[in-house]
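Quick notes on the structure that follows.
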Ligand SMILES: [Zn+2]
């Protein structure tokens, strides 16, 4: 049995499947410092999916597998097991993520492509696993796509305390195994899947756009951490590299995709994770009713 329910969405001929590593209530105010309980509680539409009745934000860490007729693509690889991290709840995990991935229908050797929206600790972890005393690529037959700009930044910021150890145990081993392709921020992965530049959270942050047979979806990455940022446009993440740029990227994304049929799939949005952005006067909200 999977630890969490496995959810899929069909976008034309493309199937997108969510595999959760962990879903938690509370503890996320270090990421969104403005989102105090008192500030969150009055935003009624966040309950029950994205906040509890005490005003604690609920967030998820999950991977999204995009299965096209030709390719199996894993977008973002969560925190990973056995890694020593600064955040105690993220350190030295022993979670059944790979079993859950297999249960969803994706064995490690089936994966063709791994795409990291950015190189933060909770998006690259399962790039590698600890085996025979060393970090090895989890998906040995995959090409790992990383933004050229994103990689260049972290390559020179290896000691950033936010991301300490991440390059060494989760990025460089796949690079050294010859599995990485550095790509531009508008890279087209295949007919149905292309990247969309959404910088600010990190310098080379991208979102992933899926289009097939007239249907569309967008995997946001962390340019929107939590749906509360649709209501509160000025709530910025403390993990943002450039808050002003992150804000303008977010404004642009909300404006472009609100009141459209594009299914928005958040990278940290708790269950049900996907919905549609609706505009309401001077703010937005997230409609998960269908
Ligand atoms: Zn994240």
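In our numbering, the protein residues as written are 19 to 308.
Where a beta carbon is used, it is the ideal one built from N, C-alpha and C, also for glycine.
For this session: Say yes only if the C-beta of residue 286 is nearer than 7 Å to one or more non-hydrogen atoms of ligand 1, and no if none qualify.
Result: Taking the first residue of the chain shown as position 1, residue 286 is located at position 268. Under cutoff, so the answer is yes.
Problem set entry | Expected contact under 8 Å - CB spacing of residue 267 and residue 217 to nearest Å | In the chain shown, residue 267 corresponds to position 249, counting from 1. In the chain shown, residue 217 corresponds to position 199, counting from 1. Contact holds; Cβ gap of about 6 Å.
Problem set entry | Proximity winner among 212, 301, 299 and 275, relative to residue 293 (alpha-carbon distances) | In the chain shown, the residue the question calls residue 293 occupies position 275. Comparing alpha carbon positions, the residue from 212, 301, 299 and 275 closest to residue 293 is 275.
Exercise. Just to confirm, does residue 223 get its C-beta within under 7 Å of one of the non-hydrogen atoms of ligand 1?
Worked result: Start at 1 with the first residue of the chain shown, and residue 223 comes out as number 205. No, Cβ of residue 223 sits at least 7 Å from all heavy atoms of ligand 1.
Problem set entry | Euclidean distance between Cα positions of residue 69 and residue 255 | As a working note, residue 69 is residue 51 in the chain shown. As a working note, residue 255 is residue 237 in the chain shown. Taking the straight line from one Cα to the other gives about 17 Å.
For this session: Could you check the C-alpha separation between residue 223 and residue 204 for me, to the nearest Å?
Result: Residue mapping note: residue 223 aligns to position 205 of the chain shown, counting from 1. Residue mapping note: residue 204 aligns to position 186 of the chain shown, counting from 1. The straight-line gap from Cα to Cα measures roughly 11 Å.
Exercise. Residue 209 to residue 158, Cα distance in whole Å?
Worked result: Counted from its first residue, the chain shown places residue 209 at position 191. Counted from its first residue, the chain shown places residue 158 at position 140. Distance between the alpha carbons of residue 209 and residue 158: 24 Å.
Problem set entry | is_contact[residue 187, chain B] using C-beta, thresh 8 Å | Among the protein chains of the structure shown there is no chain B, as only one such chain exists.
For this session: Compare the C-alpha of residue 271 against each of 262, 123 and 295 and name the closest.
Result: On the chain shown, position 253 is the one that residue 271 refers to. The residue with the shortest Cα to Cα distance from residue 271 is 295.
For this session: Excluding the 5 residues preceding and the 5 following residue 167 in the sequence, name in chain order all residues of the same chain whose CB lies nearer than 7 Å to its CB.
Result: The sequence position of residue 167 within the chain shown is 149, counting from 1. Around residue 167: 203, 221 and 222.
For this session: Give the secondary structure of residue 103 by DSSP, where H, G and I count as helix, E and B as strand, and everything else as coil.
Result: Counting from one through the chain shown, the residue named residue 103 turns up at place 85. DSSP places residue 103 in coil when its eight states are reduced to three.
Exercise. For residue 306, which beta-bridge partners are listed by DSSP?
Worked result: Along the chain shown, read from residue 1 onward, the residue named residue 306 stands at position 288. None, per the DSSP bridge assignment.
For this session: Using a threshold of 8 Å, state whether the C-beta atoms of residue 95 and residue 144 are closer than that.
Result: The residue you call residue 95 lines up with position 77 of the chain shown. The residue you call residue 144 lines up with position 126 of the chain shown. Their beta carbons are under 8 Å apart, which means residue 95 touches residue 144 by this criterion.
For this session: Put residue 186 into one of helix, strand or coil per three-state DSSP.
Result: Counting from 1 along the chain shown, the entry for residue 186 is found at position 168. Here residue 186 sits in helix by DSSP.
Exercise. Among residues of its own chain, excluding the 5 on either side of residue 129, which ones have a beta-carbon nearer than 6 Å to its beta-carbon?
Worked result: Here the question's residue 129 lines up with position 111 in the chain shown. Only 90, 92, 157 and 160 meet the Cβ criterion.
Problem set entry | Exposure of residue 262, with buried meaning 16 or more beta-carbon neighbours within 10 Å | Translated into positions along the chain shown, residue 262 becomes position 244. The residue in question, residue 262, is exposed, as its Cβ has fewer than 16 Cβ neighbours within 10 Å.
Problem set entry | CA-to-CA distance, residue 59 to residue 298, given in whole angstroms | As a working note, residue 298 is residue 280 in the chain shown. As a working note, residue 59 is residue 41 in the chain shown. Roughly 19 Å separates the two Cα atoms.
Problem set entry | residue 44 (DSSP reduced to helix, strand or coil) | For the purposes of this step, residue 44 is identified with residue 26 of the chain shown, where counting begins at 1. DSSP places residue 44 in coil when its eight states are reduced to three.
Exercise. Relative to the alpha-carbon of residue 37, which residue among 98, 67, 31 and 55 has its alpha-carbon at the smallest distance?
Worked result: Position 19 of the chain shown, counted from the first residue, corresponds to residue 37. Nearest of 98, 67, 31 and 55 to residue 37, Cα basis: 98.
Exercise. Considering only C-alpha positions, which residue in the set 83, 76, 131 and 190 is nearest to residue 43?
Worked result: Counting from 1 along the chain shown, the entry for residue 43 is found at position 25. The residue with the shortest Cα to Cα distance from residue 43 is 76.
Exercise. Apart from the five residues on each side of it in sequence, which residues of its chain come closer than 7 Å, Cβ to Cβ, to residue 49?
Worked result: Here the question's residue 49 lines up with position 31 in the chain shown. Contacts found: 243, 255, 256 and 257.
For this session: Would you mind working out which of 146, 190, 136 and 252 sits nearest residue 201, comparing C-alpha positions?
Result: Position 183 of the chain shown, counting from 1, holds the residue named residue 201. Closest in alpha carbon position to residue 201, among 146, 190, 136 and 252, is 136.
Problem set entry | alpha helix (DSSP H) segment containing residue 263, residue limits | To locate residue 263, count along the chain shown from 1; it is residue 245. 261–275 is the extent of the alpha helix (DSSP H) around residue 263.
Problem set entry | Three CB pairs or more closer than 8 Å across the segment 61–68 and the segment 182–191 | no
For this session: Check whether the Cβ of residue 140 sits closer than 7 Å to any heavy atom of ligand 1, and report yes or no.
Result: Taking the chain shown and counting its residues from 1, one reaches residue 140 at position 122. Yes, the beta carbon of residue 140 sits closer than 7 Å to at least one heavy atom of ligand 1.
For this session: State yes or no: is the C-beta of residue 260 nearer than 7 Å to some heavy atom of ligand 1?
Result: Taking the first residue of the chain shown as 1, we reach residue 260 at position 242. No, ligand 1 has no heavy atom inside 7 Å of this Cβ.
For this session: Starting from the N-terminal side, write out each stretch of the beta strand (DSSP E) that is 3 residues or longer and does not extend beyond the segment 45–89.
Result: 76–85
Exercise. Under three-state DSSP, which class holds residue 292?
Worked result: For the purposes of this step, residue 292 is taken as residue 274 along the chain shown, with counting starting at 1. Residue state, collapsed to three classes: strand.
Exercise. Can you tell me whether DSSP reads residue 162 as helix, strand or coil?
Worked result: Taking the first residue of the chain shown as 1, we reach residue 162 at position 144. Residue 162 falls in the strand class under three-state DSSP.
Problem set entry | For residue 100 and residue 112, the rounded distance between their alpha carbons | For the purposes of this step, residue 112 is taken as residue 94 along the chain shown, with counting starting at 1. For the purposes of this step, residue 100 is taken as residue 82 along the chain shown, with counting starting at 1. Using only the alpha carbons, I get a separation of about 7 Å.
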